[in-house]
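Undergrad: Okay, so the sequence shown: first residue is 61 according to the working numbering, each after it adds one. Cβ coordinates follow ideal geometry from the N, Cα and C atoms, glycine included. Values in this document were obtained by computation on a predicted structure and should not be read as measured data. Please read through the structure below; I'll follow up with questions.
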Amino acid sequence: MRPYKITNILFVIVLVLLDIAYLGGIVEWWSLVMVFIVYIVLLVLGAIYIEWNFYLRSFNRGKKEKQIALTFDDGPSDITPAILDVLKEQNVQAAFFTIGKNAAKHPEIVKRWHEEGHVIGNHSYHHGFNFDWQSRKKIVAEIEQTNHLILKTIGVTPLLFRPPYGVTNPNVARAVNHTGMHSIGWSVRSLDTRGKDPIKLLNKLLTGIESGDIILLHDTMAITREILTDFIVQARQKGFTFARVDQLLDIDAYA
Ligand SMILES: [Zn+2]
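Structure representation (structure tokens):
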């Protein structure tokens, strides 16, 4: 049972008990308000932190000793070819979680991803700010639209899905279960989209890595391209090897 369901059950039980206590004059009204606030905070944190597996079980790290996986979200973009050049030079295979509408604009990059041994995952079609507020049906439609596009472009249907913004909720969970996708989270959030200082970003990544880490990066960011070679070289010096996320997790990348 997901923590979300357990939280709901506990909330109802505590609320009933507190109601009785309140009617009996044992507790004040604000205890009920406090319980309600804690409940809402838990629901929100559970939505934000994909690692909690609160609404949906996601793969957030692997178990292989000294192996780590690079994952890039939101492309293809103008930066993607330069990132691919680095990966090729360093002989690293990664995962690219593509936004469908960007993949439609750059089919040549989608083909290059595939030809160079990278794995392609689904990161919704529009990646709009309202993604998580949509109905299950609309979320399913976005996932399927991107899957069809990838199938048309390279002949395989992705099974890996990364929820936009890493946000999950009951509708996202139902959509992922309905489509049979694997939800892929992360254990290291680089925050490269907010990074301004390449040295700081590089050091933050290097000091934090552990065996089995799934590292979230973006192939839309120049700073990510800037630090990529150094990160790969220095992580290798620390004894890490790079695996594709599907290999790190021992799951199928395509249907
Ligand atoms: Zn994204």
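#1: Rounding to the nearest angstrom, what Cα-Cα distance links residue 269 and residue 123 in this structure?
#2: Exposed or buried, residue 272, counting other C-beta atoms within 10 Å across all chains shown (16 or more means buried)?
#3: To the nearest angstrom, report how far apart residue 315 and residue 218 are at their CA atoms.
#4: Taking the alpha-carbon of residue 73 as reference, which of 99, 293, 135 and 178 has the nearest alpha-carbon?
#5: Given 7 Å as the limit, tell me if residue 166 has its C-beta closer than that to any heavy atom belonging to ligand 1.
#6: State yes or no: is the C-beta of residue 246 within less than 8 Å of the C-beta of residue 266?
#7: Once you ignore the five residues that flank residue 91 on each side, which residues in its own chain have a CB closer than 6 Å to its CB?
#8: Does the Cβ of residue 173 have 16 or more other Cβ atoms within 10 Å, making it buried, or fewer, making it exposed?
#9: Excluding five sequence neighbours on each side, which residues of the same chain lie with their C-beta closer than 8 Å to the C-beta of residue 111?
#10: So residue 158 is in the beta strand (DSSP E); what residue range does that whole segment cover?
#11: Compute the distance between the beta-carbons of residue 130 and residue 154, then report whether it is under 8 Å.
#12: Do you know offhand how far residue 128's Cα is from residue 180's?
#13: How many Å lie between residue 101 and residue 171 at the Cα?
#14: Helix, strand or coil, according to DSSP, for residue 269 in the structure here?
#15: Can you list, in chain order, every residue whose CB sits closer than 6 Å to a heavy atom of ligand 1?
#16: State the DSSP-derived secondary structure class of residue 128, mapped to helix, strand or coil.
TA: Let's see:
#1: Locating residue 269 in the sequence shown gives position 209, where the first residue counts as 1. Locating residue 123 in the sequence shown gives position 63, where the first residue counts as 1. Distance between the alpha carbons of residue 269 and residue 123 is about 13 Å.
#2: The residue labelled residue 272 in the question sits at position 212 within the sequence shown. Flag for residue 272 reads buried.
#3: Locating residue 315 in the sequence shown gives position 255, counting from the first residue. Locating residue 218 in the sequence shown gives position 158, counting from the first residue. Between residue 315 and residue 218, the C-alpha separation is close to 6 Å.
#4: Locating residue 73 in the sequence shown gives position 13, where the first residue counts as 1. That would be 99, whose Cα lies nearest to the Cα of residue 73.
#5: Counting from 1 along the sequence shown, the entry for residue 166 is found at position 106. No, ligand 1 has no heavy atom inside 7 Å of this Cβ.
#6: As a first step, residue 246 is located in the sequence shown; it is residue number 186 there, counting from the start. As a first step, residue 266 is located in the sequence shown; it is residue number 206 there, counting from the start. No, Cβ-Cβ distance for residue 246 and residue 266 is not below 8 Å.
#7: In the sequence shown, residue 91 corresponds to position 31, counting from 1. Cβ within range, chain order: 78.
#8: Position 113 of the sequence shown, counted from the start, is the residue given in the question as residue 173. It counts as buried.
#9: Counting from 1 along the sequence shown, the entry for residue 111 is found at position 51. Excluding five sequence positions before and after residue 111, the CB atoms of its chain that fall closer than 8 Å to its own CB belong to 118, 120, 245, 246 and 247, given in chain order.
#10: Translated into positions along the sequence shown, residue 158 becomes position 98. It spans 155-158 - the beta strand (DSSP E) in which residue 158 sits, taken as one unbroken run.
#11: Stepping through the sequence shown from its first residue, residue 130 is reached at position 70. Stepping through the sequence shown from its first residue, residue 154 is reached at position 94. Cβ distance < 8 Å, so residue 130 and residue 154 count as in contact.
#12: By one-based count along the sequence shown, residue 128 stands at place 68. By one-based count along the sequence shown, residue 180 stands at place 120. Residue 180 has its alpha-carbon roughly 17 Å from the corresponding atom of residue 128.
#13: Within the sequence shown, residue 101 is the residue found at index 41, counting from 1. Within the sequence shown, residue 171 is the residue found at index 111, counting from 1. The alpha-carbon atoms of residue 101 and residue 171 are separated by roughly 43 Å.
#14: Translated into positions along the sequence shown, residue 269 becomes position 209. Reduced to three states, the DSSP call for residue 269 is coil.
#15: The set, ordered by position in the chain, is 133, 134, 183, 187 and 224.
#16: Locating residue 128 in the sequence shown gives position 68, where the first residue counts as 1. Strand, per DSSP.
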